[in-house]
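What follows is a short report on a single structure.
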Amino acid sequence: MNNVIDTPTKPVGQTTYQTQIRKLGQYGILVAFILICLGLSVISPKFLTVQNLMIIVMQVSINALLAFGVTFVIITGGIDLSIGSIVAVAGVVAASFAHPDTYPVIVPLALALATGVAFGALNGFVITRSKVPPFIVTLGTMTILRGLALILSKGRPISNLSDTFSFLGGGKILGVPNLIIVLVIAFIVCTIVLRKTVSGRYMYAVGGNEQAARASGIRVGKVKMQVYILSGGLAALAGVLLTSRISTGQPNAGAGFELDAIAAAIIGGTSTSGGTGTMTGTLIGALLIGVISNGLDLLNVSSYYQQVVMGVIIIGAVILDSINQKTN
Amino acid sequence: MILSVTNLSKSFAGVKALNNVQLTVQTGEVHALMGENGAGKSTFMKILIGLLQPDAGEIIFDGKPLHHSNVNEMLERGISMIHQELLTVPELTVAQNIFLGREPRRWGIIDERKLNEQATQLLTQLGVDLRPDVCMKYLSVAERQLVDIAKALSNKARVIIMDEPTSALSDKEVATLFTIIRDLQRQGVAIIYISHKMEEIFTLADTITVLRDGQFIATRPASEFTAQSLIAMMVGRELGDLFPPSHAQLGPEVLRVEGLTQPGKFSDITFSVRAGEVLGLAGLMGAGRTEVARAIFGLDPYARGTVYFNGQPVTVRSPQEAIALGMGFVGEDRKGSGFVPGMSVKHNLTLASLEQFARRGLVAEGAETAAATQLVKDLNIKTAGLNQHVVYLSGGNQQKVVIGKVLQSAPSLIILDEPTRGIDVGAKAEIYKLINDLTAKGIAILLISSELPELLGLSNRIVVLAKGKQTAVLLGEEATQETIMHHAMQTESPLSQL
Amino acid sequence: MKHAFKPLLVALTLLAVGCSQSASDSKTDSADGKKLVIGASMLSMQHEFVVNVHDEMTKKAEETGIELITVDAERSAIKQVEQIESFIAQNVDAIILNPAEVEACSPAVSKALAANIPIINVNSETGVKPTAFVGSDDVEAGRIAMQYLADKLGGKGNVVMLEGYMGQAGQLKRAQGAMEVLKKYPNMKMLANQTAEWDRAKGMALMENWIQAYGNQINAVFAHNDEMGLGAVKALVDAGLKDKIMVVSIDAIPDALQAMQKGTLDATVFQNAQQQGAKAVETAIKAAKKQPFDKETLIPFQLVTKENMAQFVKK
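Next comes the structure, spelled out in structure tokens:
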């Protein structure tokens, strides 16, 4: 993608060594991902089947949507911890309007998305207007929204949802699960927003050097609003799909999802200090988490060990990332 | 003689910051160290307190040579420094700050009572009325400075270095500080005093050493200097061919500011710049030059005054508005606010003008690449490619990227704040040539620089600021290093009465 | 998908929520005639079964005219211990504890006992014996569910088990009961067991993965609660395997009964939330008033199948 050119004056040995490390860093996650996939397909014959791969992508899709949103936020140097709770609120809102023979399916979908966008905007507003760090603001909205989900649902799952609503996240079009279709569309749209639009460019600038962005005439506050709105909206979409997939609106849905999403983004090379990150990396990060989880389930590894393995892989990935940064 | 330094040298990345510097300090004297910004004073002092190691030379302190020392060793031997930005811990008390790292202990537990007693004793000795158990954050800058001095005394300091100690003090506080310095002198403590303020130097100093460009120039008793001769010695350097003659035609007035005032920063600033003209803005650090520029560009607010742009009165509330009007700003803090290090040369170059290349929110990459390619060629930016991250470029090329970014938004006025700071001489010459090219195209330039030769070599006129006030507008022949320094140090402080 | 960062999440939640108990104006000392104050710390108010137990407790408290202070432990044992400490400091007349964990919540019980405040465990147990226990024997629930599967499979076949949150009494005992029954049938095999953390979406994902791993080998699924069971049902229906594989779970929540009506869930085990809640409050009042009370009240589980489900639907 971008050409790393070494000055020819450097000793050859050093140059190739450095280039290798850099390449490893850039593609480290992809390499790790492919190696793990290869390993799993050797150990478990069930792994490398179209059916199983499709299931992995479906299971990953919710986390990937959240991770796409939070990638925008992290690129600007922020963080959004409230997305897991937005999943719950959006799911509960959608479920409340999705009982059979009440409203057309567009109503719960639109209301849930509006809810997510509104709370994303609220996050952005508080963060840009007050000088409170995003970590604290979204930590606050995380608990507020969790409470709101419980209030709206009175602590109980909302079930008896219409078939059309369940089709959103559970159905297939031409044999392809809707979840995968949504994931692919979201990935393409997010990539375009990040790489091809003025807004996307500004996100990198704000995260890379906020002062320079400001001096270049960029409305930093507006950029921040945009990313939190994107994050909230994508979280709401994830909430609707999750609710539809399990056919219930659960007030405790999505608890801890924010951490998986942040993990996916960071594994995919998004730096928590802002300014770098790609949607492709995040997608690979999410797939990596999903593949490991699926593979360990296939091998019936105890959940205790699953957590250990997951932690080791995450730290390994971030070390790879920091080696990459150092050599640069 | 308490301290003697001979033939001290120090280089950074091949650039000589200090070259065979000499210094001899007598017990109980106030020794002023003078020189322009960048003369090597800071590097010199950092070596003396053990923060940096010299490449060559000898330091003899109290009859014994010092080798490869660290800060703690220097403190123990008796050399302390009162830093410009005070290094105290705001959440700790006065006493805790004074004895930080050397707390009196009983059975391994800090003896707070003894700590406070000893602190009180020190403060009394200094004649300072401060309670030892007050949290540092509640003190004024002056009080914090006094605590820093008490801390130096608690170290049994024999030499105290003071770097611009009065920069944040009121006149009354300055008087108190001077009384204390006199007391310390009587106790046999030597003071190395660094300041740009002439009247302070002539009030306090017994001896003056002058550095210029990392070279030792002279050490003489203060009585042998006049302000004029001191300034001449500090700045006396010849202007080479760095500055090609300008052929720019002066056009209509582009920017005019009238009575621009922001309390505490600058007041009543009035000047104008014409198309094709370079207006220099001179002054010492903290004189308010950058503050004025930031206010014009909408980065900071101003309380009173009017800005006219192309003849129209304008109110600029943000950089966006300034850019939309046709202003460009290249800030003094290149790394901090100039470029985005992790972004490519291309993306940095188009950052301030991205909307030019946008079609319904999408960036038209072809047009963007073409524009960036042109800028790289025009400004002779040396980069491995358009996708190279700016962080890998040299300082001079980074600066060219920042200027290129500003140029791409087609400004009629560019504010350059310290455009050549930290750039090697070759790149400086290129930037100077670039400035000439810009004025030839009819762009107005507002140039802020601490390097007088640069200001003199480039500017048509020079506005001098001192302590936030405009003290002179110098034209042609009037503008010399001496006149600039004279006006830059002009103050009407009551210190002369001391 | 499992959470990669569970411990961090718990830490964050603790940070965020701090002390979430409702400071109520309890001026009562337990003297006669005054209003009795009972403090209740519930495992998680996001858990439908717990909410049901609590609803009944509130109803009972209103009937008997006592004051009930409820706090939500949000599944955290540490938080629960702090909440009990706070109850002790407020000098409540009795405490009802719905423990988050078996061992980690034991200090809470010990502290209440040491302060001479009667403490009644509801629904699940702790390592230290409380003043009284009201609940159902979770081992029994596991036994009933697995026995049902064994009967239906004719003592032969492969089972997978979706477990609750690891380390909680519910998970440990339900697993224990299931394994006891399995031991009696040498031809029945546990193919895989794994936690889905009581969660429907996680149950669904886990079942999807197992379908990939074992496919037709699976004959029956036992889920430690209905939520996970319903998730497994969803995965099986999607894979077109529901007709071949039986699912049984525990709790008999309305959703589960509805699924049974549709014929997708085969059986569930009814745990009587209402009786647990009511009995807990009754026992707490008796203990506070120093009247005689039962040390252990076990409310029996009941197997719910298509045949007898009508009687449970109304509730």
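Protein chains in written order, with UniProt numbering: chain A, 1 to 328; chain B, 1 to 498; chain C, 1 to 315.
Glycine included, every Cβ here is placed at the ideal spot set by N, Cα and C.
Chain-ordered neighbours of residue i on chain C, where CB pairs are closer than 9 Å
i, result
"A/Leu150", "Met45 and Gln46"
Closer than 8 Å: residue i CB and nearest the ligand FMN heavy atom
i, result
"C/Gly215", "Judged by which ligands are present, the structure shown has none, so any question about the ligand FMN falls away."
Range covered by the beta strand (DSSP E) that runs through residue i
i, result
"B/His31", "Val30 to Met34"
"B/Phe271", "Phe266 to Arg274"
"B/Ala39", "Unbroken run through B/Ala39: none, as it is neither H nor E."
"B/Asn155", "Per DSSP, B/Asn155 belongs to no beta strand (DSSP E) and is neither H nor E."
"A/Gly295", "Unbroken run through A/Gly295 is the alpha helix (DSSP H), Met279 to Leu298; no beta strand (DSSP E)."
"B/Ile191", "Ala190 to Ile194"
"C/Leu191", "Met188 to Thr195"
"B/Met198", "That residue, B/Met198, is in no beta strand (DSSP E); its alpha helix (DSSP H) goes Met198 to Leu204."
"B/Lys469", "Lys469 to Leu475"
Reference residue i; option with closest CA among the options
i, options, result
"C/Asp238", "A/Leu35, A/Ile55 and A/Leu48", "A/Ile55"
"C/Gly65", "C/Leu36, C/His47, C/Ile119 and C/Met45", "C/Leu36"
"C/Thr131", "C/Gly177, C/Ser110, C/Arg143 and C/Asp251", "C/Ser110"
"residue 499 of chain B", "B/Arg304, B/Ala358, B/Gln215 and B/Glu143", "Nothing in the structure corresponds to residue 499 of chain B, since chain B is present only between 1 and 498."
"A/Thr244", "A/Ala88, A/Leu30 and A/Asn52", "Before going further, note that residue 244 of chain A is Ser rather than Thr in the sequence given. It is A/Ala88 whose Cα lies nearest to the Cα of A/Ser244."
"C/Gly154", "C/Gly231, C/Lys184, C/Leu230 and C/Ala252", "C/Lys184"
"A/Ala215", "B/Glu482, B/Glu36 and B/Ser409", "B/Ser409"
"B/Ile27", "B/Gly280, B/Ala56 and B/Ser4", "Before going on, a small fix: residue 27 of chain B reads as Thr here, not Ile. B/Thr27 has its Cα closest to that of B/Ser4, out of B/Gly280, B/Ala56 and B/Ser4."
"C/Lys202", "C/Glu307, C/Val233, C/Gln261 and C/Phe293", "C/Val233"
"A/Ala186", "A/Leu230, A/Ile315 and A/Ile218", "A/Leu230"
"B/Ala119", "B/Leu87, B/Leu153, B/Val141 and B/Gln145", "B/Leu153"
Nearest-angstrom beta carbon gap, residue j and residue i [assumed within contact, 8 Å]
i, j, result
"B/Arg212", "B/Ala39", "5 Å"
"A/Lys123", "A/Thr138", "Looking at the sequence itself, residue 123 of chain A is Asn, so the reference to Lys does not match. Yes, A/Asn123 and A/Thr138 are in contact; Cβ-Cβ is about 6 Å, under 8 Å."
"C/Asn116", "C/Asn98", "That pair is no contact at about 21 Å."
"A/Ala114", "A/Ala286", "Not really, about 26 Å apart at Cβ, beyond 8 Å."
"B/Val25", "B/Val159", "7 Å"
"B/Ala324", "B/Ala444", "With a Cβ gap of about 17 Å, B/Ala324 and B/Ala444 do not count as contacting."
Residue i, enclosing alpha helix (DSSP H) - first and last residue
i, result
"residue 499 of chain B", "With chain B running from 1 to 498 in the structure shown, residue 499 of chain B is simply not present."
"A/Asn63", "Val50 to Ile75"
"B/Ala227", "Ala227 to Val235"
"C/Tyr148", "Asp138 to Leu153"
"A/Val93", "Ile83 to Ser96"
"C/Gln171", "Ala169 to Lys184"
"B/Gly251", "Premise fails: B/Gly251 is in no alpha helix (DSSP H) and is neither H nor E."
"A/Tyr204", "Val198 to Gly208"
"A/Arg146", "Pro134 to Ser153"
Neighbouring residues, chain A, relative to residue i (Cβ below 9 Å)
i, result
"B/Lys441", "Those do not exist, as B/Lys441 stays about 21 Å from chain A at its closest Cβ, beyond 9 Å."
"C/Val159", "Those within 9 Å of C/Val159 in chain A number zero; the least Cβ separation is about 13 Å."
Chain F contact for residue i (CB, 9 Å cutoff)
i, result
"C/Ala213", "Chain labels in this structure do not include chain F; the protein chains are A, B and C."
Chain-ordered chain C contacts of residue i [CB-CB under 7 Å]
i, result
"A/Asn52", "Gln212"
Under 9 Å by beta carbon: chain B residues contacting residue i
i, result
"A/Arg201", "Met343, His347, Thr350, Leu351, Leu354 and Val363"
8 Å Cβ cut-off: residues of chain A touching residue i
i, result
"B/Leu299", "Arg214 and Ala215"
"C/Met166", "Ser303 and Tyr304"
Listed by chain order, chain A residues near residue i by CB distance under 7 Å
i, result
"C/Gly231", "Ile246"
Neighbouring residues, chain B, relative to residue i (Cβ below 8 Å)
i, result
"A/Val227", "Within chain B, no residue comes near A/Val227; the closest Cβ sits about 15 Å away, beyond 8 Å."
"A/Thr71", "Correct list: empty, because the minimum Cβ distance to chain B is about 15 Å."
"A/Val57", "Here the premise fails: no neighbours, minimum Cβ distance about 28 Å."
Exercise for the section: Can you give me, in chain order, the residues of the segment 205-219 of chain A that have a beta carbon less than 8 Å from any beta carbon in chain B? Expected result: Ala205, Gly208, Asn209, Gln211, Ala212, Ala213, Arg214, Ala215, Ser216, Gly217, Ile218 and Arg219
Handout entry: Residues, ordered as in the chain, of the segment 76-99 of chain B that lie near chain A by beta-carbon distance below 7 Å
Key = none
Handout entry: Short-range partners of chain A found in the segment 182-209 of chain C, where Cβ spacing is below 7 Å
Key = Ala192, Gln194, Thr195, Arg200, Ala201, Met204, Ala205, Leu206, Glu208 and Asn209
Practice task
Note down, in chain order, all residues in the segment 356-373 of chain B with a beta-carbon under 7 Å from any beta-carbon belonging to chain A.
Solution key: Ala358, Gly361, Leu362 and Val363
Practice task
Can you give me, in chain order, the residues of the segment 260-293 of chain A that have a beta carbon less than 8 Å from any beta carbon in chain B?
Solution key: Gly275 and Thr276
Exercise for the section: Name, going along the chain, the residues of the segment 308-335 of chain B whose beta-carbon falls closer than 7 Å to a beta-carbon of chain A. Expected result: Pro319, Gln320, Ile323, Phe329 and Gly331
Handout entry: Within 7 Å of chain A by C-beta, residues of the segment 70-82 of chain C in sequence order
Key = none
Practice task
Check distances from the C-beta atoms of the segment 336-354 of chain B to those of chain A and list, in chain order, the residues that come in under 9 Å.
Solution key: Gly336, Ser337, Gly338, Phe339, Val340, Pro341, Gly342, Met343, Ser344, His347, Asn348, Thr350, Leu351, Ala352, Ser353 and Leu354
Handout entry: Near-chain B residues of the segment 29-46 of chain A (beta-carbon distance less than 7 Å), N- to C-terminal order
Key = none
Exercise for the section: Below 7 Å between beta carbons is the criterion; list the residues of the segment 101-133 of chain A that meet it against any residue of chain B, in chain order. Expected result: none
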